[in-house]
Amino acid sequence: MQRPPSSPPEIEGYVVDRLIGSGGFSDVFLYEQQLPRRKVAVKVLLTHELTAGARAAFTSEADLMARLSTHPYIVTIYQAGVARDGRPYLVMEYCSRPSLDERYKRQPLSVVDALRTGIRLAGAVATAHAAGILHRDIKPANVLTNDYGWPALTDFGIASDFADGADSAGGLHAADAESPDPEASIGMSVPWSPPEMFADVPTPDVRSDIFSLAATIHTVLAGRTPFEVPGGPNGTHDVIARIERGQVTPLQRDDVPPTLSAVLAKGMAPRRENRYPTVIEFARGLQRVELELGYAPTTIELPMEDEPPAAPVEGEETRLRAVPEVQAQPLAPARGTAAAPVRGTAAVPEPTPEPSAEPSAEPRGTGSRRRILIAVLAVLAVLALAAVVLAVVIGGRGSAPAPTPSAESGGGPAVVGPSVPQASNGAAVPSADGRSVVFTWSNPRPQSGDVYYWARAETPSERQAVQQTSATVTGVVPGSRVCIDVEIGRAGATGDPLTICTG
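Set out below in structure tokens:
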């Protein structure tokens, strides 16, 4: 029986709005912070759970999330405290969009969105592992979505700090050890948990989080948990037995490549030594699938490693440090081929050596003829340069011609980057009832293998890939303004987006 929610506490500087979530040991309320003014989510521990262990676990969760919450894909923690009535609370970033749990139950994610989400979450989990922290409860419900459509990992309530040797599965989600329900007794979510969590004394490590992350991505693609059998017995003990046997229910989707199924299966291997050794390796597996499908690889966001300060160079006292990004491993060029030149750069000729000032043993008159020849060549070079400049100026008035293959490059087809799509009149046509809009565009320089990525402007993370130069947006409020962003994808790269709007 579901318990009634608690009443929101009074917190100075915050005005309560409404209840937005409930768990076994806490409630989450939406508040409005007064200064600075913004909406925040406040997690409040229940009064009847204020044992010493619960307080310690709540404090641990606040400390752990504060250590990690600067990561772009981890929920940000703003403040922690104790309300006037004695209840501890945690003030967090409010993620207004549906969680992964809500999204996959409504409709399974597209392959490209699932890949991108998995890689981004892998960066968040890798950041936690680098800090010595295991999450141990990765599942769709613990992946929120912020206002920009990005995933945000939350709920570190049963996380452990393995750097300090913590090995219990307790925390805010742990229940009475004598409970007959395995999920309640060890504080975990069975459908996404690895076999080692079902032992009398669970012994999780980084590969346990990899299992749960792979199970989460499988879930959002399949529309059900990985070890659930449609129409079969799916009780807790049935699911645990399948997890221990590695009996994953296959993905019934034609658009999921076998390589992606293999990556997820390896991540969910029942024996942990058969899984990826690190979550970064799991993310690289997902990146390779992106490249196979022709998508630009999603970067893995990791914290910057500390570096000793370098002595400032005169005129360069102010320096900016780039955000580290782990890209997919590039393909090595074929043996015997030269590196391709960078587009937009011109070949620089070898410098002509200056004439020697020392006397030479040449016959008399040879030097004069050589000076005349050099002068003639110099004039010809100036004329050639003028012709090139004139051609560039004249050519700049129109569209640049596509590069052609040369004999030096082997005569193969030239690789041209994707251009920007073009919209024409009538590029956004609403339906008769105004509840859908058909968008069309054109490709100014089409090439074989081109794909088109589009997404509604307000939901960039829900990007879809299509082969045709049109897309239909449904679920539109009649009379509202609708915009989409369109990009051309070619050879694993995308061009600049085009925004098309109604009205």
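According to the working numbering, numbering within the sequence shown proceeds without interruption in unit steps and concludes at 726.
Ideal placement from N, C-alpha and C gives every residue a C-beta, glycine not left out.
In the structure shown, the three-state DSSP call for Lys266 is strand. Straight-line spacing of the CA atoms in Ile523 and Ile342 works out to 6 Å.
A residue is called buried when at least 16 other Cβ atoms come within 10 angstroms of its Cβ; Ala655 does not meet this threshold and is exposed.
Shown here, Phe252 sits in a strand according to DSSP, grouped into three states.
Closest option to Val443, judged by alpha-carbon separation, among Gln645, Leu606, Ala364 and Pro667: Ala364. Sequence-distant Cβ neighbours of Ala437 in its own chain, meaning closer than 6 Å and more than five residues away, are Leu487, Gly490 and Met491. Of the other Cβ atoms in all chains shown, fewer than 16 fall within 10 Å of the Cβ of Ala275; this residue is therefore exposed.
Taking all protein chains shown into account, His460 has fewer than 16 neighbouring C-beta atoms within 10 Å of its C-beta and is therefore exposed. Nearest to Ala337 by alpha-carbon distance, out of Asn497, Ala678, Phe379 and Val479, is Val479. Counting C-beta atoms within 10 angstroms of its own C-beta, Val502 has 16 or more neighbours from the protein chains shown and is therefore classed as buried. According to the DSSP assignment, Tyr518 belongs to no alpha helix (DSSP H), since it is labelled neither H nor E. A contact is defined here as three or more CB-CB pairs under 8 Å, and the region 256-264 fails this definition with respect to the region 348-365.
Put simply, the region 280-297 does not touch the region 228-236. Fewer than three CB pairs are less than 8 Å apart.
In the structure shown, the three-state DSSP call for Phe379 is coil. The three-state secondary structure of Glu419, taken from DSSP, is helix. Straight-line measurement puts the Cα of Arg290 at about 24 Å from the Cα of Glu255.
One alpha carbon belongs to Thr472, the other to Ala351, and they sit about 29 Å apart.
Here Glu710 is not near Gly372, since their CB atoms are 9 Å or more apart. Proximity to Ser703 across Cys724, Arg713, Asp719 and Gln690 peaks at Cys724, based on C-alpha coordinates. The continuous beta strand (DSSP E) containing Arg713 extends over residues Cys706 to Arg713. When rounded, the separation of the alpha-carbon atoms in Ala506 and Trp677 is 24 Å.
For Glu467, the enclosing alpha helix (DSSP H) has its first and last residue at Thr459 to Arg468. A distance below 6 Å between beta-carbons, with the five flanking residues on each side excluded, links Asp308 to the following residues of its chain, in chain order: Pro232. Shown here, Asp240 sits in a strand according to DSSP, grouped into three states. A distance of 9 Å or more separates the beta carbons of Ser659 and Thr692. Met288 sits in a helix when the DSSP states are folded into three classes. When the five nearest sequence neighbours on each side are left out, the beta carbons in the same chain lying within less than 7 Å of the beta carbon of Thr682 are those of Gly372, in order along the chain. Look at Ala655 here: in three-state DSSP terms it is coil, with no helix or strand label.
Using a 10 angstroms sphere on the CB of Thr270, the tally of other CB atoms stays under 16, which defines it as exposed. Of Asp324, Lys328, Pro374 and Tyr312, the smallest CA-CA separation from Cys318 is found for Pro374. Straight through space, the alpha carbons of Asn666 and Val674 are spaced by roughly 10 Å. Taking the Cα positions, Thr377 is about 22 Å away from Leu509. For Ser416 and Ala688, the gap between their C-alpha atoms comes out near 32 Å.
Straight-line measurement puts the Cα of Pro526 at about 30 Å from the Cα of Arg679.
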